[in-house]
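Here is the structure we will look at, set down as structure tokens.
Residue numbers (my numbering): 1 to 764.
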């Protein structure tokens, strides 16, 4: 490969020789136009000497008053050439600029009516205006010139002309509204609480008031360019709520400004020299290659090359140490071939790396405008492209790597991606943190089904609960004749809520229960496998095999990727893998079934592969510092009312006489402190549903669903009938020997005598 081509690649990531020549030519012409701009500009003020005065007289004769805009025309030509140095000269833009100049001169001559002399638009303007006036008249000539000028402007600057919508009915209603109540109402945005609106108003020191009823119908249009800091903060918060969840929500997501953006620029020196060293080193071993594209990524630079026909790729891979020695770079990674290309890539660490911020990832259009259920941020690839993936398609992920490689940071990426886009009605978490320092940062957010689990035995019991919940959800899907949780929401829940909204129904008792996604996240799998290997493996495998359809997904993280921890059964049922830096090639094969992770750089540098990818892709994960996580959690706790104050109940002991994940809660487990209160309330009111119990007793979905199971086992209510409410089998006068105990429970929305002293029943 020639030095000229390598130099081109160095400057712009692999331009061809034709592009390079075109860039040089356009640069030279642009400099000439800039020089003309300076000379003609000084000549207008008679500061260009004798030659400038002569030039001014010529300009006055030819262009008239239009001579003052001539330097601007030259400046525009120069800027266009510099901005599009690699592109061919745009004929349409050139013609548009010439037409703009001619029509402007013609308009000047026509308006000033100076045709006998060469004033106004000068000689050029005189010729243009005279021709049109003789064909038409003065008025039509001005209109024609003005239209041509506008058309040229549209072509030149890609502007569009839009006529604002006008409705006579709306106009009349706005006029009539002036005679009605003059009191203004503050603008409300869905998902914003009073506290968050107050904070936004404090930032700008202004209050948003609605002056007419038309603004109320167009609150959604506030997502356009904000005009104040108040609107900017409101829009930033409201827009983060994913459009996937179409059900009503009171959740206020955190604002994106709490997360940092990408900092620093990736750079490396001597790209041309590095490419020549690669080529010469391979030539020393009789391997001929032609250097191709060179891409500078966030943490590594990839040198792509095309080997000669008949070259075995294994020979190039076997020279990894020799190339590392010649390049004085360690570690390097050889990707042979690059997926989707007939090229071989050599990835060399950058001297200066860019620090990717999660705020930049979540601000991508792909994340904001997604229609995927649980889209999460993975990071940026070697080419700088942002990578996202849908957890429902994974459907489970295994994250493994050595200490300090960035496993916990990636777990934080997944959690924050979800809580920025979805409320607790849509996704819930069970967090298991044996290390007690990573996931405990999220204690207090309303998304948790239970406080962060720190003990191994409670983690096993949480898996048992998840297995029972999976069985219950499959029963609900079967009763409603749907195949998965997504179909259940689209065909059962959403139509019911839509119909209730149309009819003005506020009672949710008759509506089908929502079924939120459940994320079970374990930060250190190895610690649990040491204590309960048989129980944990069987529960993980069972959930991994069957829980996808009911919306239960696993995220398993470990720093010891050995076969004792990541067993064959676990690997077979978790197709999505993220391998960070590991100590040996054996560990890399344990995670990915292929080498490569041992050559990573650490600090979030990973190889990622899901079930649809044939080869893993190198990605740099976004970094999230601890103070940003605390800020996000603090914001969520402050601006959201924790309606789900209770989650799943986890006992302190494990029943060793039966399997952890087999069976369900029997009658001996009916020791819930509020069971009797719930029983009496259901009998008194004559209706029972999970959402009804949640609202009346202010408990979480899981505990309410378990209470429903206990009521069914006790014979209080009948079996489930799909989306229909359950039948209450015992009447108020039939219970307790015919005594009416309806007064024992006051139906006051949760003011009944409920013992909430048990810390295990409350979500912090």
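Idealized CB from N, CA, C, for every residue including glycine.
Query - Residues that residue 517 bridges to, as DSSP identifies them - result: 427
Query raised in the report: Going by C-alpha distance, which of 605, 575, 601 is nearest residue 593?
Result: 575
Query raised in the report: Beta carbon of residue 66, beta carbon of residue 105: below 8 Å?
Result: yes
Report task. Count the other C-beta atoms from every protein chain shown that fall within 10 angstroms of the C-beta of residue 436, then say buried if there are 16 or more, exposed otherwise. Result -> exposed
**Report entry** DSSP state of residue 276 mapped onto helix, strand, coil
**Finding:** helix
Query raised in the report: Measuring CA to CA, which of 72, 708, 691 is closest to residue 676?
Result: 708
Query raised in the report: Whose C-alpha, out of 56, 629, 587, 74, is nearest the C-alpha of residue 400?
Result: 587
Query raised in the report: Considering only residues of the stretch 304-343, which uninterrupted alpha helix (DSSP H) runs meet the minimum length of 4 residues and lie entirely inside it, listed in chain order?
Result: 313-317, 320-327
Requested in this report: Tell me whether residue 285 is buried or exposed, calling it buried when 16 or more other Cβ atoms sit within 10 Å of its Cβ.
Outcome: exposed
Query raised in the report: Can residue 75 and residue 30 be called in contact, C-beta distance under 8 Å?
Result: no
Requested in this report: Jot down the residue ranges of each uninterrupted beta strand (DSSP E) in the stretch 510-573, minimum 3 residues, whole runs only, in chain order.
Outcome: 517-522, 552-558
Query raised in the report: Can you pull the DSSP bridge partners for residue 291?
Result: 305
Query raised in the report: From this set, 566, 536, 418, which residue's C-alpha is nearest residue 517's C-alpha?
Result: 418
Requested in this report: Whole angstroms is fine: what's the gap from residue 480's alpha carbon to residue 634's?
Outcome: 39 Å
**Report entry** Rounded Cβ spacing between residue 524 and residue 434 (contact assumed at less than 8 Å)
**Finding:** 5 Å
Query raised in the report: So, helix, strand or coil for residue 773, using DSSP?
Result: In this structure the chain extends from 1 to 764, so residue 773 is not present and cannot be described.
Query raised in the report: For the candidate residues 463, 152, 623, whose alpha-carbon lies nearest to that of residue 520?
Result: 463
Requested in this report: Taking residue 101 and residue 73 to be in contact with their CB atoms under 8 Å, please state how far apart those CB atoms are, rounded to whole angstroms.
Outcome: 6 Å
Query - Within 8 Å, strictly: CB atoms of residue 413 and residue 376 - result: yes
Report task. For residue 136, count neighbouring Cβ atoms within 10 angstroms of its own Cβ and tell me buried if that reaches 16, exposed if not. Result -> exposed
Query - With 16 other Cβ atoms within 10 Å as the buried cut-off, status of residue 404 - result: exposed
Query raised in the report: Do residue 69 and residue 37 have their C-beta atoms within less than 8 Å of each other?
Result: no
Query raised in the report: residue 315 to residue 335, Cα distance in whole Å?
Result: 13 Å
Query raised in the report: So, helix, strand or coil for residue 347, using DSSP?
Result: strand
Query raised in the report: Taking just the CA atoms, how far does residue 96 sit from residue 138?
Result: 24 Å
Report task. Return the Cβ separation of residue 266 and residue 298 in integer angstroms, given the expectation that the two are a contact with Cβ distance under 8 Å. Result -> 5 Å
**Report entry** Same chain, Cβ closer than 6 Å to residue 496, five either side skipped, listed in chain order
**Finding:** 511, 512
Query raised in the report: Where do the N-terminal and C-terminal ends of the alpha helix (DSSP H) with residue 414 fall, by residue?
Result: 407-421
Report task. Take the Cβ of residue 673 as the centre, count every other Cβ of all protein chains shown within 10 Å, and call the residue buried at 16 or more, exposed below. Result -> exposed
Query raised in the report: How many Å lie between residue 330 and residue 290 at the Cα?
Result: 23 Å
Report task. Identify whether residue 695 lies in helix, strand or coil by the three-state DSSP scheme. Result -> helix
Report task. Return yes when the Cβ of residue 357 is within less than 8 Å of the Cβ of residue 260, no when it is not. Result -> yes
Query raised in the report: Taking the alpha-carbon positions, what's the residue 7 to residue 34 distance?
Result: For residue 7, the predicted structure reports a pLDDT of 48, less than 50, and the residue's modelled location is therefore unreliable. A value from the coordinates is still provided. Approximately 27 Å between the Cα atoms of the pair.
Requested in this report: Please classify residue 727: does DSSP put it in a helix, a strand, or coil?
Outcome: coil
Query - Euclidean distance between Cα positions of residue 370 and residue 55 - result: 59 Å
Query raised in the report: If you compare alpha carbons, which of 717, 374, 263, 589 is closest to residue 622?
Result: 263
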